[in-house]
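Reviewing the structure listed below.
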Amino acid sequence: MAKILLRQNDEPEREIVLSGADMMVGRNYDCGILLNPNDAKISRHHAHIFFANGAWRIEDLNSSNGTKVNGNKITTALLNQDDLISIGDALLIFKDENATPTMAVKIPTVAETTGDAALSLSATADDLKLVEQMRQSTEVIRREVAKVIIGQEDVLNQILMCIIAGGHALLIGLPGLAKTLTVSTIAKVLDMKFKRIQFTPDLMPSDITGTEVLETDRVTQQKEFRFMPGPIFCNILLADEINRTPPKTQAALLEAMQEKCVSIGKDTHRLDRPFFVLATQNPIEQEGTYPLPEAQLDRFMFNVYVDYPSREAEEAIVAKTTVHATTEPQVVLGKTDIITLQEVVRKIPVSQHVVGYVINLVRATRPTDPEAPDFVKKYVSTGAGPRAGQYLVLAAKARAVLEGRIHVSCNDIRSAALPVLRHRVLTNFTADSEGVNSRKIVEQLLAEIKEPGPEIYQKA
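Residue numbers (the working numbering): 14 to 473.
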C-alpha cells in the first residue's frame, strides 16, 4: 500500500494513503493532499501523483516554484521508496513496500545550504539489500550479545552505531560493569579480531604500534630490520584506562585512530579494516592519571556512559555467572559486511531540513554565539566544534542503517546528541559550583532547540 508522510512547519507528521489512481497536491481545498493554504510558494494545484504502468509517479502542474524530488526539480518523475518530495515549505516522503528503493541517491550537504553544488552518490542493489536486512541483523546481534551480556542495551546500540559510522568511542564507567566483556563479545559476533591493552604509566608508544627488531639471516648471515606489529593491528582495540598512560603514548594511539596507519622509520603500515578503538576511563579514581586534552577528546565520536544495571538485570547477572553453564555467541556479520555498511552510511541521504537542525544544535552549545541560549552563556566555557556536526550526521545515518532505513530524521539526530556532545561541551566554574554537568546542558538544549521548519533550508 502506497502512502505519503507529510511534514510541514511545526505540525505533527501526517500519513496520507494513496487510494485510487491519482491524487492532486496543492493548497486548494479540492486537493487530496492539502498543503498549507497560506504558503505563497505552493500553487493551488501544484502537482499530481498518479499510478501508471505499474508504478507511482509525480507530475509538476506548471507550478510557479516547481517540485523537487530528492533535491532535483522535475517535470515528471518515477517515485521510489523513501523519495523526498519538496513542495514549497512542505516535505513529502513517499512510502510503498512494492516500490524499488532509489538506486541513485542525491545527498544534500552543508555546502548546499550556501548554494554550492550538491554531492551525488550511487548505492548499488547489494548495498540497498544489505541495508534492508540490517533491522533483522541488528536484532540477531542483540540476541547473540545477550547470551553473554545482560542489560546495557543503550551501550550496545551506541557501540554498534560507532562501528558502522567508522568512528571511535570513549567509554566511561566504574570497574566491574563488563566493559571489556561487552566489547570482546561484540567482536566475536561481528567476526573481528579483538585486542586489549592495559594502559600503565610505563607504557611506551612502541608497545602499542610495534617496533623494528634486528635479525640475522641464517643463510646469508646478513643483518636486517624486521617490523614486529603491535597489538594495534587488529579490528577492535580496547584501550583500558587510557588516562593512566603518559601523553606521548596517548598521542601514538590517537594518531593511528585518525590516520588508520602506523609509521615506523621510513615505512608506513596500514591498519586492518575495519578498525575501531574503544578507550575506557574510570570516572572516580583520578590520582596519578593523565587526562586527555580537549583536542584529543574531540577525536572520539562518542562518549558512552556505562551505568549500574537495573535490579532485575543484576539479579540475572549474579544467577547466570555463578554457575558452570557457558554459552558462546554466534557470528552474525563478517568484516566484509561491516566495511560495506561503513561505505553505505556515507551514501545515505540527509535533507537540508536535518542538516539545518544539526547546525542549530551545535552552534547553540557555543557561549560566544549571539543566538546561544542564556543557560549556555551562563554555564558553558567552550562549545562543540564543526566535528560535532559531522559526527551527529554520521551517527544518525548509522542509526538509520541499523534500523534498515535509507533516510535520516531529526529524531535520529536527537538520539545521537548526548554521546556526541557530552564530551565536547565544557562547563565553567559556575556550572560546577551549582552541580550542572554537560549531560544536563545537552538535555536542556534538546528540549529548547526545536526542529526547524523546512522553509528555512529548502529553496523554491
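Glycine included, each C-beta is placed from N, C-alpha and C at the ideal position. Everything numeric in this text was worked out from a predicted model, so none of it was measured.
Just to confirm the assignment, what range does the alpha helix (DSSP H) spanning Val336 have?
In the DSSP assignment, Val336 falls outside any alpha helix (DSSP H) and carries neither an H nor an E.
Short Cβ contact (7 Å threshold) for Leu105 with Leu19:
Yes, the pair counts as a contact, with Cβ atoms nearer than the cut-off.
In DSSP terms, what Arg70 is bridged to
Answer is Phe63, Leu91, bridged to Arg70.
Figure out for me which residue from Ile62, Asp167, Leu251 has the closest Cα to the Cα of Met205.
Leu251
Close-in-space but distant-in-sequence residues of the same chain around Leu561 (CB under 8 Å, 5 per side omitted)
The requested residue 561 is not part of the displayed model; the chain covers only 14 to 473.
Sequence-distant residues of its chain with Cβ nearer than 6 Å to Gly45 (five each side left out)
Met36, Met37
What residues are listed by DSSP as bridge partners for Cys274?
Arg283
Identify, in the order they occur along the chain, each residue of the same chain with its Cβ nearer than 7 Å to the Cβ of Asn73, setting aside the five sequence neighbours on each side.
Correcting the residue type first, residue 73 is Asp in the shown sequence and not Asn. Non-local beta-carbon contacts of Asp73 in its own chain, meaning distances under 7 Å to residues more than five positions away in sequence, involve Ala60, Gly79, Thr80, Ile87, Thr88 in chain order.
Can you tell me the Cα-Cα spacing of Glu26 and Thr224, whole angstroms?
58 Å
Between the CA atoms of Asn93 and Ser32 - distance to the nearest angstrom:
17 Å
Simplified DSSP assignment, three categories, for Phe246
coil
Answer with yes or no whether the minimum CB distance from Lys333 to chain B is below 7 Å.
The displayed structure is made up of one protein chain only, and chain B is not part of it.
Same chain only: Cβ atoms within 8 Å of Thr262, ignoring 5 sequence neighbours per side
Phe212, Leu216, Met217, Pro218, Asp220, Ile221
Contiguous beta strand (DSSP E) assignments of at least 3 residues, all confined to the stretch 185 to 241:
Listed in chain order, the complete beta strand (DSSP E) runs (minimum 3 residues) inside the stretch 185 to 241 are 207 to 211, 223 to 229.
By the 10 Å Cβ neighbour count, where 16 or more other Cβ atoms means buried, how is Glu157 classified, buried or exposed?
buried
Can you tell me whether Gln365 is helix, strand or coil according to DSSP?
helix
Do the CB positions of Ile330 and Ile154 come within less than 7 Å of each other?
no
Could you check if Ile352 is buried or exposed, using at least 16 other CB atoms within 10 Å of its CB as the buried criterion?
The residue is exposed, with fewer than 16 neighbouring Cβ atoms inside 10 Å.
When DSSP labels each residue in this structure, what does Ile351 get in the three-state scheme?
Three-state DSSP puts Ile351 in a helix.
By how many angstroms is the C-alpha of Ile17 removed from the C-alpha of Glu544?
Because the chain here runs from 14 to 473, residue 544 falls outside it and cannot be looked at.
Tell me the DSSP secondary structure of Thr151 in three-state form.
In the displayed model, Thr151 falls within a helix according to three-state DSSP.
Suppose you measure from the CA of Lys279 to the CA of Leu227; what does that come to, to the nearest Å?
So the two alpha carbons sit approximately 15 Å from each other.
Under three-state DSSP, which class holds Thr395?
strand
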